[in-house]
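Here is the structure we will look at, set down as structure tokens.
Residue numbers (my numbering): 1 to 169.
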């Protein structure tokens, strides 16, 4: 808390007046991050014509956002402190559920649009995000810069496989 207060150019007393515990501070940071991203993609122009194009935009934006220094630091902190602060782990889990809900809506929307039945859109959404998080976790732990070319290449490979499984959803 001393380091946080120093970085914020505030006293520890001021910090504790607003956040009674570290867990409260972590939760506020995660809540702000959820509000900032809200699980929605930032698109320019018309809505993509295909589910694959929509998922590509989502995955690339999520990875580029997650690879920002501030987000990397926060995610590393969550991993390192989740055992001591289970409520921090719960807040991170809640953040992830926002993305699952958004991807589920996209899958349902495009299933109707494309007349392709989807029995389990929530499971498909969860699997899509698990793939994305898995790749991100490896890179988060390696602590080396990741190029845009690497992100886009991996997203393309993942989407090729993921979309090939669409009839099983």
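The C-beta atom is built at its ideal place from N, Cα and C for all residues, glycine as well.
Quick caveat: nothing in here was measured; it's all calculated off a predicted structure.
Would you kindly check if the distance between the Cβ of residue j and the Cβ of residue i is under 7 Å?
i, j, result
"residue 121", "residue 104", "yes"
"residue 146", "residue 55", "no"
"residue 129", "residue 155", "no"
"residue 12", "residue 5", "yes"
"residue 94", "residue 78", "no"
Identify which residue in the options has its Cα closest to the Cα of residue i.
i, options, result
"residue 163", "137, 138, 145 and 110", "110"
"residue 160", "29, 53, 24 and 112", "53"
"residue 125", "78, 139, 98 and 142", "98"
"residue 74", "140, 83 and 46", "140"
"residue 127", "59, 32 and 18", "59"
"residue 136", "48, 23 and 72", "72"
"residue 63", "168, 2, 131 and 166", "131"
"residue 25", "167, 57, 149 and 81", "81"
"residue 22", "48, 65, 2 and 138", "2"
"residue 167", "114, 152, 143 and 150", "114"
"residue 148", "47, 45, 61 and 134", "61"
"residue 31", "89, 106 and 158", "89"
*For the region 24-105, which segments carrying the alpha helix (DSSP H) assignment without a break, of at least 4 residues, lie completely within its bounds, in sequence order?*
51-66 and 69-81
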